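Here the structure is laid out as structure tokens; the discussion comes afterwards.
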């Protein structure tokens, strides 16, 4: 875990993602991350080399090569699959999810002298590619299309229309930190393992999330749920109580209070 923390603090997102992959996947001996990336980087560099220092054209060629030539994409048939989140599978299959594809995209962009980052935009994870010192291109990995500022603003407003938010704040399009991307990747991996009914690895992911975000009550709630499924009732109770204390108005809080009361009632019946 300390190695992962250091990679995050050093802003080495690819290394952090690779550490997660090795922890939760059996990486074949024949798979060499550096070699795989070198081959891809060579193709990407060739695509932008003839653009005569035109940064916007370089960005467009880079996007086209990544999605249309190398065929990196999101297969909606693989929703909630750990194969779309672990780097060895993503690179081998050229298939990922928005977060994992953004990690590969940004690393290749860096190797080509371009600046890219993930954006934890509400409702969808975006890729931000700097096209000039004062402007950026935003790509939706799901559709592989460039999103205009107006489209993003409409999407943002649609998500928060009940809160009467009329303008999208500038920070909504800010680059996500390495820590934010790693946490998002782990949360997606947690969901995938739960969907695959792999409770043991889902629990390992949550333990890692709690290590990185020790005060997040929602991760404690999720760990409680898993511990309950694994019949570790008393440990689940502690996590539920932590969640209830920190999120008393959350709709789950009342349900979990009832759950704890039922457990306590059953224990009292046993003793009497």
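Numbering (the working numbering), first residue to last: 998 to 1269. Heads up, the beta-carbon is just placed ideally off N, CA and C, and yes, glycines get one too. Predicted model only: the values in this text are computed from it and were never measured.
Item	Value
If you draw a straight line from the C-alpha of residue 1222 to the C-alpha of residue 1178, how long is it?	24 Å
Which full runs of the beta strand (DSSP E) of 3+ residues lie inside the stretch 1089-1129, going along the chain?	1113-1116, 1123-1129
For residue 1220, count the other beta carbons within 10 Å of its own beta carbon; 16 or more makes it buried, fewer makes it exposed. Which is it?	buried
As a quick exercise: from 1226, 1148, 1025, 1144, pick the residue whose alpha carbon is nearest that of residue 1088.	1025
State the DSSP-derived secondary structure class of residue 1229, mapped to helix, strand or coil.	coil
Excluding the 5 residues flanking residue 941 on each side, which residues of the same chain have their C-beta closer than 7 Å to its C-beta?	The structure shown does not extend to residue 941, since the chain is modelled only from 998 to 1269, so the question has no answer here.
Tell me the DSSP bridge mates of residue 1143?	1136
Use the C-beta contact count for residue 1029: other C-beta atoms within 10 angstroms, 16 or more gives buried, fewer gives exposed.	exposed
For residue 1038, does the three-state DSSP call read helix, strand or coil?	helix
On the CB-based measure, 16 or more other CB atoms within 10 Å of its CB, does residue 1269 come out buried or exposed?	The pLDDT assigned to residue 1269 is 46, lower than 50, so where the model puts this residue is not dependable; a value taken from the coordinates is nonetheless given after this. Exposed, because fewer than 16 other Cβ atoms sit within 10 Å of the Cβ of residue 1269.
Using three-state DSSP, classify residue 1262 as helix, strand or coil.	helix
To the nearest angstrom, how far is the alpha carbon of residue 1132 from that of residue 1166?	16 Å
Which value, in whole angstroms, describes the spacing of the CA atoms of residue 1169 and residue 1118?	6 Å
How should residue 1084 be labelled, buried or exposed, when 16 other C-beta atoms within 10 angstroms of its C-beta is the threshold for buried?	buried
What residue from 1257, 1031, 1020, 1149 has the CA that sits closest to residue 1232's CA?	1257
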